[in-house]
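For the sequence shown, the working numbering gives the first residue as -14, with consecutive numbering after it. Each residue gets a CB set at the ideal place from its N, CA and C atoms; glycine is no exception. Down below is the structure, laid out as structure tokens.
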Amino acid sequence: MIAGSARGIPLTAPRGPSTRPTGDRVKEALFSILMPRLPEASFLDLFAGTGQIGLEAASRGAGQVILVENASQCVPAIRENITKTRLTDKVTLMSADVFAAVQRLRHSGRKFDIIFLDPPYNRAYAMLSRLADGLQALLAPAGLLILEHDAKEEAQAFVTNLKLSRSCQYGTAMLSFYQL
């Protein structure tokens, strides 16, 4: 953990190639951009992996964070990381398929100030095209959706009403920011 109430706490990661944790340089840049929006924000982290992005958001002051992850090797690590960081009052884990979780959250009427997605790089836009309508429904009116993807993939605009507002490249990673 880089900053906030959980600064310096090492996170548990599952062994093997099941996760691709966001690098510290990308994470620092992301949170530098998000800092004005974070205090008390509702934050949704899809394809959460180890939970590091959502936990960092909670550590830095986000109000409520939901982590969504389905990989059986990642879920126990996320649970352990929530406990280790002492953020159990702010962070909820949904152990579910991302597509099902988005539909469940959509039907509940939830809105999020910030939605972060880090899908498998080779399937980012294919997954986003399936999720686009649900994500748009979950985004608060002044909300921000951030996609981490391979820099080789063009940061194309969604086919829905979301507009690409900014893209930042960090080595092989790209952060693309979308708004309503």
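Original post:
Looking only at its own chain, which residues have a Cβ that is under 7 Å from the Cβ of Arg115, when we skip the five neighbours before and after it?
Top reply: Exclusion of the five residues before and after Arg115 leaves Phe84 as the residues of its chain whose Cβ lies within less than 7 Å of its Cβ.
Subject >> Assigned exposure category for His134 - 16 Cβ within 10 Å defines buried >> reply: With 16 or more other Cβ atoms within 10 Å, it is buried.
Original post:
Can you tell me the Cα-Cα spacing of Ala43 and Leu129, whole angstroms?
Top reply: A direct Cα-Cα distance of roughly 16 Å separates Ala43 from Leu129.
Original post:
Based on Cα-Cα distance, which residue from Ile(-6), Thr35 and Thr68 lies nearest to Gly58?
Top reply: Inspection of the sequence shows that residue 58 is occupied by Gln rather than by Gly. Comparing Cα positions, the closest option is Thr35.
Subject >> Sequence-distant residues of the same chain with beta carbon closer than 6 Å to Arg151, five excluded per side >> reply: Within the same chain, Arg151 has close Cβ partners Phe162.
**OP:** Inspect the CB distances between the segment 58 to 67 and the segment 9 to 26 and report whether three or more fall short of 8 Å.
**Re:** Contact between the segment 58 to 67 and the segment 9 to 26 is absent: fewer than three C-beta pairs spanning the two stretches fall below 8 Å.
**OP:** Compare the Cα-Cα distances from Leu113 to each of Ala(-9), Ser93 and Leu31 and report the closest residue.
**Re:** Selected option, being the one with the closest Cα: Leu31.
**OP:** Would you kindly check if the distance between the Cβ of Val53 and the Cβ of Ala86 is under 7 Å?
**Re:** Result yes, Cβ atoms of Ala86 and Val53 sit closer than 7 Å.
Original post:
Short check: CB of Gln121 to CB of Leu90, under 7 Å?
Top reply: Taking a C-beta distance under 7 Å as the contact criterion, Gln121 and Leu90 do not qualify as a contact pair.
Subject >> Where the beta strand (DSSP E) containing Arg151 begins and where it ends >> reply: Secondary structure note for Arg151: its beta strand (DSSP E) is the uninterrupted segment Lys148 to Tyr155.
Subject >> Host alpha helix (DSSP H) of Phe84 (start-end) >> reply: Val83 to Ser93 is the span of the alpha helix (DSSP H), which, as asked, contains Phe84.
Original post:
Since Ile51 contacts Met79 with CB under 8 Å, what's their CB separation in whole angstroms?
Top reply: Between Ile51 and Met79, the beta carbon gap of about 6 Å places them in contact (Cβ cut-off 8 Å).
**OP:** May I ask you to report which of helix, strand or coil DSSP gives Gln49?
**Re:** Strand, per DSSP.
Original post:
Taking the alpha helix (DSSP H) that Leu123 falls in, what are its first and last residues?
Top reply: Per DSSP, the continuous alpha helix (DSSP H) segment holding Leu123 begins and ends at Ala109 to Leu123.
**OP:** Would you mind reading off the limits of the alpha helix (DSSP H) that contains Phe16?
**Re:** Note, Phe16: alpha helix (DSSP H), Asp9 to Leu19.
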